[in-house]
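This report concerns only the one structure given below.
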Amino acid sequence: MINNQTYGLSPKTIDKILNVLRSCDAVQKVILFGSRAKGNFKEGSDIDIALTGDRLNLDTLRKLEVKMDDLMLAYDVDLLIYNQIKEPGLKNHIDQVGVVLG
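Quick note: the sequence shown uses this note's numbering, first residue 10, plus one each step.
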């Protein structure tokens, strides 16, 4: 288990998120990025996650987003498909500060 205190998230919150994402066979890696990965998050900061997987598509992403909403977490969870990110700066940020969760 990852030291969740670093990311300002309880083990229960991380487990809920990973359980939803791992339920999808198309997801290969779950990468936390943004303020939570950098450690400069604030109370209520969203959770930014990039997903990798050759079979991931927008339809799958939308279904995962609905499942995330159903968790009714205290934070917004923003999901992206890593291979579909067009902005080089964002990809570079994920490559530099991203933390693989699963």
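Every residue, glycine too, gets a C-beta built ideally from N, C-alpha and C.
Under the three-state reduction of DSSP, residue 26 is assigned to helix. Between residue 92 and residue 65, the C-beta spacing is below 9 Å.
In the three-state DSSP reduction, residue 94 falls in the coil class, being neither helix nor strand. Pairing residue 50 with residue 16, the inter-Cα distance amounts to about 8 Å. In the DSSP annotation of this structure, residue 65 is not part of any beta strand (DSSP E), being labelled neither H nor E.
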